[in-house]
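Peer 1: Sharing a structure here in structure tokens format.
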Amino acid sequence: MTRAHDHGVPYADVDAGDVDAALFTQEPAPDGSGVIVSGRCPRCHGATRTLFPWARPGTGSKGGLGRLLGRGTTSRAQDEPEPLLAEVHLCECGHAHPQCPPDTHYVGCGASWRIRR
Numbered sequence: 001m002t003r004a005h006d007h008g009v010p011y012a013d014v015d016a017g018d019v020d021a022a023l024f025t026q027e028p029a030p031d032g033s034g035v036i037v038s039g040r041c042p043r044c045h046g047a048t049r050t051l052f053p054w055a056r057p058g059t060g061s062k063g064g065l066g067r068l069l070g071r072g073t074t075s076r077a078q079d080e081p082e083p084l085l086a087e088v089h090l091c092e093c094g095h096a097h098p099q100c101p102p103d104t105h106y107v108g109c110g111a112s113w114r115i116r117r
């Protein structure tokens, strides 16, 4: 059962730690501009959806993401991390939680986490 979005959680810069990859999906952006990662914030439980554009710092190279989505080369080196598993994810539930700074770039509860298999 999915927990309801807790709109009353006050904004705070909180590291939620590692979150199971099974709780998130990733798909190509409809316009081909990158990869969209969707799931629920582990802190406020709001639906969060983030676009990771191609060649964004921290997500590997265009070639690395291309391999992840089945474009270009289909193999990756054993020691090369999956680009999105190396990224820090931020709550982007779209709700301005109480105490949310007006100048924040991410509208959500302030949580961050890493996705792990």
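Numbering (UniProt numbering), first residue to last: 1 to 117.
A virtual CB, placed ideally from N, CA and C, is assigned to each residue, including glycine.
Considering only residues of the same chain and omitting the five flanking positions on each side of residue 111, which have a CB-CB separation below 6 angstroms?
Peer 2: Translated into positions along the sequence shown, residue 111 becomes position 111. If we look at residue 111 and ignore the five residues flanking it on each side, its Cβ neighbours are 14, 16, 41, 43 and 91.
Peer 1: Since residue 27 is in the beta strand (DSSP E), which residue starts that stretch and which ends it?
Peer 2: Taking the first residue of the sequence shown as 1, we reach residue 27 at position 27. DSSP places residue 27 inside the beta strand (DSSP E), whose first and last residues are 25–28.
Peer 1: Determine the burial state of residue 34: buried for a count of at least 16 other Cβ atoms within 10 Å of its Cβ, exposed for fewer.
Peer 2: Residue mapping note: residue 34 aligns to position 34 of the sequence shown, counting from 1. It is buried - the Cβ of residue 34 has at least 16 other Cβ atoms within 10 Å.
Peer 1: For a minimum of 4 consecutive residues, which ranges assigned as the alpha helix (DSSP H) are wholly contained in the region 33–59?
Peer 2: none
Peer 1: Can you tell me whether DSSP reads residue 21 as helix, strand or coil?
Peer 2: Indexing the sequence shown from 1 puts residue 21 at position 21. Helix.
Peer 1: Going straight from the alpha carbon of residue 12 to that of residue 87, what length do you get?
Peer 2: Working through the sequence shown from its first residue, we reach residue 12 at position 12. Working through the sequence shown from its first residue, we reach residue 87 at position 87. Going from the Cα of residue 12 to the Cα of residue 87 covers about 20 angstroms.
Peer 1: Hey, how far is the Cα of residue 4 from the Cα of residue 47?
Peer 2: Sequence index remark: in the sequence shown, residue 4 carries index 4 (1-based). Sequence index remark: in the sequence shown, residue 47 carries index 47 (1-based). Taking the straight line from one Cα to the other gives about 9 angstroms.
Peer 1: Comparing alpha-carbon positions, which option in 20, 107, 104 and 106 lies nearest residue 117?
Peer 2: Here residue 117 refers to the residue found at position 117 when the sequence shown is read from its first residue. The option with the nearest alpha carbon to residue 117 is 20.
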